[in-house]
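As they're listed, the protein sequences go chains G and V.
When the letters of the first sequence are read in order and numbered with the numbering used here, they come out as residues 101 to 214.
When the letters of the second sequence are read in order and numbered with the numbering used here, they come out as residues 20 to 132.
All residues carry an ideal CB built from backbone N, CA and C; glycine is no exception.
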Amino acid sequence: QKEVEQDPGPLSVPEGAIVSLNCTYSNSAFQYFMWYRQYSRKGPELLMYTYSSGNKEDGRFTAQVDKSSKYISLFIRDSQPSDSATYLCAMSAGRGSTLGRLYFGRGTQLTVWP
Amino acid sequence: EAGVTQFPSHSVIEKGQTVTLRCDPISGHDNLYWYRRVMGKEIKFLLHFVKESKQDESGMPNNRFLAERTGGTYSTLKVQPAELEDSGVYFCASSAGIGNTIYFGEGSWLTVV
């Protein structure tokens, strides 16, 4: 079983739609949860960062973590064509020096069409 | 401020040859990471430097891979000899401290033919 599971999509939505992206994981030691956005031929860029369970909102983006279900989500409201990218979930156990060791999902390719 | 820079951006080499990838982290970042993404798979951790010391190299696939970070600044990742399955994108990342935001470079695309 993979550490992190993420549906690769592709996901195609019209501009203005609400987008829901999800990941599940198997390692209960994960405490730090991140969403990265990656444009084509670019490196991953940190979008959201959450510690433990709960919600975090930043503009049009909301990250949710449910540790009891080992399930994390990213919601994008009022999606824009500029949101078209691959979205990667990543997580870390966060114990000392291993905090920097991130476990990634495969990424979900999102296209927002005008 | 310059981000994480990687060189070369693309490299095509023959099986059995050697390739050296270079990473310049963000200035002042003590933590430097190497990750790799092979076709169709997720990005996977290779190793972590704190300054010039290898903090965690448990993700290195085998002894054909050698990473160095002399002087705690830039880092190199050498693959010798390269195999077909080494093809993929090699990402370098850095952070100011453990627990701080990890910034990724644009990656070095390696194709072994």
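By the CB criterion at 9 Å, residue 63(V) and residue 91(V) fall outside the cutoff.
Taking 9 Å as the CB threshold, residue 112(V) lines the interface with chain G. At a cut-off of 9 Å between C-beta atoms, residue 104(G) counts as an interface residue with respect to chain V. Considering only beta carbons, the part of the stretch 95-127 of chain V lying closer than 7 Å to chain G consists of 110, 114, 117, 118, 120, 121, 123, 124, 125, 126, in chain order.
The criterion of a C-beta distance shorter than 9 Å is satisfied by residue 170(G) and residue 124(G). With 16 or more other Cβ atoms from the protein chains shown falling within 10 Å of its own Cβ, residue 190(G) counts as buried. Interface criterion met: the Cβ of residue 190(G) is under 9 Å from a Cβ in chain V. Pairing residue 42(V) with residue 188(G), the inter-Cα distance amounts to about 22 Å. Across the structure, residue 33(V) and residue 84(V) are spaced so that their CA atoms are roughly 16 Å apart. The three-state reading of DSSP puts residue 181(G) in helix, counting H, G and I together. Assignment of residue 107(V) by DSSP, reduced to helix, strand and coil, places it in the strand class. When C-beta atoms of the stretch 128-136 of chain G are compared with those of the stretch 149-163 of chain G, three or more pairs fall below 8 Å, so the two segments count as touching. Closer than 9 Å to the CB of residue 91(V) there is not a single CB belonging to chain G.
The continuous beta strand (DSSP E) containing residue 112(G) extends over residues 111-114.
Chain V has a Cβ within less than 9 Å of the Cβ of residue 146(G).
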